Amino acid sequence: MDVKLTTGGKRVMSFTTEIPALSNHQPLPGARRVFVQADLGTILFSEIGTPWFTIWHQYLNIEKPGSLEAAVDEPLLNLHIVLRGHVRYQFQDNNNLKWSEGQLNLFCSGSLKVKAFFDDMKEYTTLTIRFHRSYLDVYAPYFPALQHFLDRADNGEEAFLSASNTSLTPEMITIIRDMLYSDYTGEVRTLYLRNKVSELLLLAFTRIVPGTAGASDIRLHQYDIDKIREAREYLLQNMEHPLTVIELSHKVGINDFKLKKGFKQLYGVTIFDFLLEARMEKARSLLTETDTPIHEIAFATGYKNVSSFTAAFKKRMGFPPSAMKRNK
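Residues 1 to 328 in the UniProt record's numbering are what the sequence shown lists, from first letter to last.
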């Protein structure tokens, strides 16, 4: 795929395969990598190809607020996920869409011209899976809205599977992590990736496609959805100071019943299970990517003492945190 990348100043950027040391980035095993030094910061693209789809992982270290513009002169069927940060996108029909951290959507375009705005000086990570049409055809009979979406793709239209992005569940996050950092190689890895992407798609379609909601779901207005997303963001940003559900509901301005019910409805998991998974993911990251002592990791993930953290970690992972620290 030929991608033309320019900055807000319209300067065309060139790619290099000479990758500098990036202290906060964990390389993807077996990926083809290219690096860009842009006016607004550094960008690392990692690509993993299969016969059915191509995975693009983008790591950006933004040193000053700005924008990037990407142009692709060929049809696209992409699942796009923002794993870290909040990105504003402006598409060629002037359709503006904010992609918050932990959100995904499927979009198509006959050709693509999109501008991404980065408002904060921080690290961003996005994941894009570009599908061959035949791969998605398998799912269309089970999700009618997907068939309509594919028909629009055939017409060269720019379209989204859902009018609003949906949020990743902890299960999806685990699948993505396993998919990107597996130790498999060769044909075994290719088959493993196909299975993992299939799992991710089924979970995504169930959440994105209209008409797949459960019978016990409650009606959520946009205000409710915004408040539930605010609650999720608060949980992630204040993990070391956990609140009760009632305290959290008061914090964001929504009643506790609607918060509990709506959270499970939007994210497919209870608040407790979501926070537990988020704690374990943060702990795993600190254990494998930093030299932070275990007692500090325990407090950073909201545990009052090391023994409680160790017990929770071992129950979730099957081994104590010290084992992961030794194998770093």
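The C-beta atom is built at its ideal place from N, Cα and C for all residues, glycine as well. As the structure is a prediction and not an experimental result, all values here were calculated from the model.
Under 7 Å between C-beta atoms of residue i and residue j
i	j	result
I228	F272	no
A231	L220	no
L161	I208	yes
Q90	K113	no
P170	E277	yes
I55	L40	no
Y124	G85	yes
D151	S111	no
T166	Q58	no
L243	L275	no
E199	I218	no
A70	S46	no
G302	R279	yes
T185	T50	no
D256	V245	yes
L60	I43	yes
W52	Y142	no
N78	R130	yes
Supposed close pair residue i, residue j - CB separation, criterion 8 Å
i	j	result
L146	F205	6 Å
H80	F117	Incorrect: roughly 15 Å between the Cβ atoms, too far for contact.
L193	M172	Incorrect: roughly 15 Å between the Cβ atoms, too far for contact.
L68	L168	Rounded, the Cβ-Cβ distance is 23 Å, inconsistent with contact.
G310	P293	In the sequence under discussion, the amino acid at residue 310 is Thr, which differs from the Gly named in the question. Contact flag wrong, Cβ pair sits at about 13 Å.
P29	D183	7 Å
D224	K258	6 Å
Limits of the unbroken alpha helix (DSSP H) element including residue i
i	result
Y234	Q222 to Q237
S164	Where S164 is concerned, there is no enclosing alpha helix (DSSP H), given that its DSSP letter is neither H nor E.
R189	G186 to I208
V138	Here V138 belongs to no alpha helix (DSSP H), and DSSP marks it neither H nor E.
D256	D256 to Y267
P183	Residue 183 is actually Asp in this sequence, not Pro. No alpha helix (DSSP H) contains D183, which DSSP labels as neither H nor E.
I294	I294 to A300
R279	I271 to E289
R316	V306 to M317
H241	No alpha helix (DSSP H) holds H241; DSSP gives it neither H nor E.
Beta-bridge pairing of residue i - partner residues as DSSP gives them
i	result
I48	I55
R177	R177 is not bridged to any residue.
Q103	V82 and S167
L97	Y89
F117	S67 and R88
N155	Its beta-bridge partners do not exist; DSSP assigns none.
E41	It is Gly, not Glu, that sits at residue 41 in the sequence shown. Per DSSP, A38 and I62.
L77	C108
Limits of the unbroken beta strand (DSSP E) element including residue i
i	result
Y123	Residue 123 is actually Glu in this sequence, not Tyr. Here the beta strand (DSSP E) through E123 covers E123 to F131.
V87	V87 to Q90
A38	R32 to A38
Residue i beta carbon near the ligand HEM (any heavy atom closer than 6 Å)
i	result
G156	In the structure shown, the ligand HEM is absent, as is every other ligand, since no ligand is present at all.
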